[in-house]
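Single-structure report; data block below.
Protein chains: 4
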Amino acid sequence: MRAFVMEGIGRVAVKDKPVPEPGPTDAVVRTTAALICTSDCHTVRGAIGDRHDLTLGHESVGIVYRLGSAVTGFREGQRVAVNAITPCYVCDNCLRGYPSQCTQPLGGWKFANVRDGAMAEYFLVNQAMANLAPIPDAVPDDRAVYACDMMSTGFMAAEHANIPLGGSVAVFGGGPVGLMAVQGAKLLGAGEVIAVETVPARQTLARRFGADAIVDFAKVDPVAEIRRRTGGVGVDASIEALGAEETFMNCIRATRPGGTISNVGYHGAGDYVRIPRLDWGVGMNDTTIRTGLCPGGRERMSRLLRFLETGRVDPTPMTTHRFPFADVEAAFRLMDRKEDGIIKPLIEFAR
Amino acid sequence: MRAFVMEGIGRVAVKDKPVPEPGPTDAVVRTTAALICTSDCHTVRGAIGDRHDLTLGHESVGIVYRLGSAVTGFREGQRVAVNAITPCYVCDNCLRGYPSQCTQPLGGWKFANVRDGAMAEYFLVNQAMANLAPIPDAVPDDRAVYACDMMSTGFMAAEHANIPLGGSVAVFGGGPVGLMAVQGAKLLGAGEVIAVETVPARQTLARRFGADAIVDFAKVDPVAEIRRRTGGVGVDASIEALGAEETFMNCIRATRPGGTISNVGYHGAGDYVRIPRLDWGVGMNDTTIRTGLCPGGRERMSRLLRFLETGRVDPTPMTTHRFPFADVEAAFRLMDRKEDGIIKPLIEFAR
Amino acid sequence: MRAFVMEGIGRVAVKDKPVPEPGPTDAVVRTTAALICTSDCHTVRGAIGDRHDLTLGHESVGIVYRLGSAVTGFREGQRVAVNAITPCYVCDNCLRGYPSQCTQPLGGWKFANVRDGAMAEYFLVNQAMANLAPIPDAVPDDRAVYACDMMSTGFMAAEHANIPLGGSVAVFGGGPVGLMAVQGAKLLGAGEVIAVETVPARQTLARRFGADAIVDFAKVDPVAEIRRRTGGVGVDASIEALGAEETFMNCIRATRPGGTISNVGYHGAGDYVRIPRLDWGVGMNDTTIRTGLCPGGRERMSRLLRFLETGRVDPTPMTTHRFPFADVEAAFRLMDRKEDGIIKPLIEFAR
Amino acid sequence: MRAFVMEGIGRVAVKDKPVPEPGPTDAVVRTTAALICTSDCHTVRGAIGDRHDLTLGHESVGIVYRLGSAVTGFREGQRVAVNAITPCYVCDNCLRGYPSQCTQPLGGWKFANVRDGAMAEYFLVNQAMANLAPIPDAVPDDRAVYACDMMSTGFMAAEHANIPLGGSVAVFGGGPVGLMAVQGAKLLGAGEVIAVETVPARQTLARRFGADAIVDFAKVDPVAEIRRRTGGVGVDASIEALGAEETFMNCIRATRPGGTISNVGYHGAGDYVRIPRLDWGVGMNDTTIRTGLCPGGRERMSRLLRFLETGRVDPTPMTTHRFPFADVEAAFRLMDRKEDGIIKPLIEFAR
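Chains as they are written, first to last, in the numbering used here: chain A, 25 to 375; chain D, 25 to 375; chain F, 25 to 375; chain P, 25 to 375.
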């Protein structure tokens, strides 16, 4: 089979690899559609260290090709979505209720990290009974694929934000995760969602996904503007969906006492991420800073897919580009350079 | 009446002031016993800015002297404890469930901050119906006075820590709040409480209040030692009870993914408090950083006083010194210099 | 002033009463608009015992007429909404976080219960600083009045239901509270809201407020139908919005293990409300049965009013009838008999 | 091997069976110690229907005898405890966070229900990686065996009770689960634990496990007495640890508004369990009724075993009788008849 791999830091290629063999609790899926994620770009630049001929990708859907001997409840030929995070569900951290931290920090993240990823004609899924999610008939593959990471991560950001019904939320960062955080905050009953973003196309999408107001940080001080809009007190919750220290600090500055800062951005630079001391109430203002990593698992996936089935959520306006798998390298480069107004490139596999 | 005041930054004195007059919802209490808090020392050094002839103190118990016209449910002559934090209970932040942030960040803290404190022969209590707590007959004043701040703050640190039953907790800092956090963690079902402290007398008290292990940070790297004791994974929760950046960073380093860092220390220095990025799982390790300020209110006070009534908690071993109110300046200086092994000095008022 | 009173069991009238005088912490409001609630009808029939010339009503908005001497933060002439429940916020139950249970079970319910209600030209509001909620300019009175009870109660039903994002909810009863529970479930991220109702006009409103499916209990067994729609397992949460034992039992039968039954219906008959033992998993199925009473307070009201201000929620299609206050008796009789397709009658007061 | 089986309703015997063979994710344990549970007696009487030669028992510890091919992280010869409940951890209900409801209501309960139990010389454990819990060296088998059900179930009762720090709890029923609920409430910071029990030996144990007061329901009306002890308002939480309708109703009657009724008793009789309507606040008193079934899993077991390791909990005073496995029938009959002051009989297996 063909697989899109990281040859080493800074180098990608499409290569031949054998179709994976499932162990007793695994499954192998034949890929039909996938999305490229900016974190793949980070990986190729060396963010998690070097890797050699590791298959990239973690947002893929497809058809069950083979099932391990101990897997029940699924059948070959079934359409399935697989979350970016594939926990074992039997280790201590999984049993504690933190499957994204399976066995170790961020350990649920196996695709394109400790194991071949899902940007290949076939990919292996560990603990298949928990990690394969059937796709409803009414949901096409190019829509279901958004449940794998974008919806799950963005919605988690909103779930962690502990938004009071009718409360106010600021979402910093209008990339695909931030946009889905906007959508998630709206789904969870926020009364006012403020999106902080400067790119016009992303502002437009933020409004489409439910933002009540846009704050353009290139034009105004976002913290001052958020305070102004909230009668001087700040928002009930803020969401960091970028992974930048300044943005994180602005979240703390913009959040009222008793509020929550939900961090979903990957902080990739520096030894430290600073908390502004006074805005943090000298450590006594009853705020919560919560972090998280894309929650996986069939049961959650089925709830996300239901939103797609009923049409209540439609993330496909984020699909700015489509490529056949044969052109995945070109797609990757476009994503890496963030050119041509790209938000999410969809990779389509031949039937 | 006589009151112990801050004349200005660096200067304290005992002065005459008129006995306060209660407004409709206030009460005035005749003081019987009080404790000096290190935060008074910070205040006199200028931590919250200058103050002129402001009465100090926020840990006092006494006898109801006068009640406002709209106050019901209490009677003059009744023994009462008053929490350091006296919220209004009717503003937005109080109604949201964050009374310690009454009207503004840390705004429940009124004594010796925005109003005369409680280290005087008489002191005024706002919103008396919510802020006066009757002291059970079996609890003497020199014991009840610990409910005003030390128990409420230390126990809150443990409540915010979200400790799983039988879980592990590291408490950084063995001052009186840290010691009460140890006691609180034990009360809340921790399976292993690790106190990080180097002063032998405080180590002894930590054991007395329930620590299963002591880590002497002057002898070992506390993070390495905590990891070693927890099979390499870190504790379920850590409590910052000192207010130092290094300690805060160690809390993050010592806490496993999915765990909680409960900050109760007052961070008094620097523009920023840093989070170590990698130990924070690059912002994705499912941890929670929670801050807070001593919760007040009669109902909570009554639950704290119950522990004193039944003897399940006895904080009085922390009373290392006793002074008559006439000698409060000497007591304050001793506390300020942390001399003579002082932990908490009790101030006794003439009957 | 004129007031609509219960003369005794079964008898109502409009009578003259003096305009109330505010105590130090009270306010008096001049009424502009009000809704009649079915619970007023229950009260007149004797549900809470006899009352003599007690003013009815608990869903009113108006203009601040006078403020008590200790009330700050409001001004006379200001437009305000007042929740049906007006807690003191300083008693034990309020301090515990259960203000609707102020001082005693259901004790936050003061209007038309232990004190004159709000269906009069003027009405008194206790603890005014917490219980007066300014109405945004953009929200007319006939819309704001829905925040007083219908939205707060219906949304609470959904908040108590602990709905997982994308989860399934069955709402039993399509009266105004049930309809607002449908709206609340949708606001809080339910993936599938099933309304159980037989009256066509109410079914239509349920769809308008967000129901994905209607189950007509007159045509099908609602439990069987709910199970069928949920793959045999039942819903994640069910809401009892009627106050009938059979409906409550159906909630238990229709809810999957680990789910929540949120009761908001007033159970007015019989000594007992039965739980079907086997459907309750013989007491071991990890379910939660939660009850509640309309949460009040300015802060929550401001969040509810925000939904009206932005237009995200529009409850006014429930206003099936309008009457001048002079005709309140006729309106009451229509509501009592549930004639003419009545859902909510709005009472308008002369300017 | 020898196994203690239910031949049919009302009939038990010790029989020969083959030693079980582990599937890929299973383990087989050689038993060293076990406890008999009253629920085994219920089963033999037909509570869950008829069974033929089904091995009884679900509270056993032992030594890993064989491991399935896909099991890692354990070794043969290792001492392990296995919880009564052995979920798969990969089905929908497990992924939702309710593993005791694995695949269906109460479905985590597999031993002696849908599969051979653990009162045999060897027993099979499904999903071994999650369900085998290593026993610390310092904890002998006759102590560790209490973690399998009694501690886990009793402590869960307290965890579900949502006890405020220093709050009051009434535990109805002083059998082994009730006694462990008393211990659990104490561990979780209850300020006053009231045990409702009439048998003197159980009263004594209740005091030993932390009860502050005993209410003898044979001498006084327990609800009236609980109200009297709590200033007329009732307890913050009550625990039903018996499984009787009258006791359940008393829990509701004894619990204050906003409080929690935690049901852990198995309700074995009648079509309905009644809620007293008025004491339930006509369905509006902000109470919670929570049910549950013994939580399993290695991670939780390790936290329970830690209490045994440090000696903070010692359940062995409940071991009133000891028998060799050869005499298991006699032990069972004694337990069934509740003769000779029996609380828990320990069954010891030959080495």
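Positions of the beta carbon are idealized from the N, C-alpha and C atoms, including for glycine.
None of the values given here were measured: they were computed from a predicted structure.
Residue i and residue j look like a contact to me (Cβ under 8 Å); what is the Cβ gap, rounded to whole Å?
| i | j | result |
| --- | --- | --- |
| N287 (chain P) | G307 (chain F) | 5 Å |
| G32 (chain D) | H76 (chain D) | 6 Å |
| A214 (chain A) | S192 (chain A) | 7 Å |
| C318 (chain F) | T110 (chain F) | Actually they are not in contact, since the Cβ atoms of C318 (chain F) and T110 (chain F) sit about 10 Å apart, beyond 8 Å. |
| D166 (chain D) | T315 (chain D) | Rounded, the Cβ-Cβ distance is 30 Å, inconsistent with contact. |
In terms of alpha-carbon separation, which member of the options lies closest to residue i?
| i | options | result |
| --- | --- | --- |
| P376 (chain F) | F:L332, F:K210, F:L211, F:T343 | Residue coverage of chain F in this structure runs from 25 to 375, which leaves residue 376 (chain F) outside it and unanswerable. |
| R322 (chain F) | F:G190, F:D166, F:C112, F:K210 | F:C112 |
| G198 (chain D) | D:I218, D:I60, D:G213, D:R375 | D:I218 |
| D140 (chain F) | F:D40, F:A350, F:F347 | F:D40 |
| K243 (chain P) | P:R26, P:V223, P:R232 | P:V223 |
| F233 (chain P) | P:D77, P:Q128, P:L212, P:A37 | P:L212 |
| G97 (chain D) | D:N137, D:D50, D:E363 | D:D50 |
| V95 (chain F) | F:R103, F:V149, F:R346, F:V38 | F:V149 |
| E270 (chain A) | A:P48, A:A181, A:G320, A:R298 | A:R298 |
| R253 (chain D) | D:A181, D:E216, D:F347 | D:E216 |
| A261 (chain F) | F:R231, F:A209, F:A230, F:T228 | F:A209 |
List, in order along the chain, the chain B residues whose C-beta lies closer than 9 Å to that of residue i?
| i | result |
| --- | --- |
| S176 (chain F) | Absent here is chain B; the protein component of the structure consists of chains A, D, F and P. |
Quick one: is residue i buried, meaning 16 or more other Cβ sit within 10 Å of its Cβ, or exposed?
| i | result |
| --- | --- |
| H82 (chain P) | buried |
| E221 (chain A) | buried |
| V206 (chain P) | buried |
| T284 (chain F) | buried |
| V201 (chain D) | buried |
| T56 (chain F) | buried |
| P42 (chain D) | exposed |
| S93 (chain A) | exposed |
| R99 (chain D) | exposed |
| G256 (chain F) | exposed |
| R327 (chain P) | buried |
Could you compute how far the alpha carbon of residue i sits from the alpha carbon of residue j?
| i | j | result |
| --- | --- | --- |
| R280 (chain F) | D310 (chain F) | 9 Å |
| V53 (chain D) | V85 (chain D) | 8 Å |
| D74 (chain P) | L370 (chain P) | 26 Å |
| G34 (chain P) | L358 (chain P) | 14 Å |
| R277 (chain D) | L302 (chain D) | 9 Å |
| E264 (chain P) | A355 (chain P) | 27 Å |
| G282 (chain A) | A268 (chain A) | 23 Å |
| V195 (chain A) | R226 (chain A) | 12 Å |
| P46 (chain A) | I313 (chain D) | 40 Å |
| L119 (chain P) | A27 (chain F) | 56 Å |
| R375 (chain P) | F135 (chain P) | 23 Å |
| C126 (chain D) | D116 (chain D) | 8 Å |
| V36 (chain A) | V104 (chain A) | 27 Å |
| I72 (chain D) | Q128 (chain D) | 15 Å |
| E183 (chain D) | N137 (chain F) | 38 Å |
Three-pair Cβ contact test at 8 Å for the region 289–304 of chain A versus the region 147–163 of chain F: Taking 8 Å as the limit for Cβ pairs, the verdict is that the region 147–163 of chain F does not touch the region 289–304 of chain A.
Within the chosen definition, does the region 163–176 of chain D reach the region 339–354 of chain D through at least 3 CB pairs nearer than 8 Å? Touching, yes.
For the 8 Å Cβ check, are there 3 or more pairs between the region 245–257 of chain D and the region 142–152 of chain D? These segments do not touch.
Cβ pair count under 8 Å reaching 3, the region 85–93 of chain A against the region 180–187 of chain A: The region 85–93 of chain A vs the region 180–187 of chain A: no contact.
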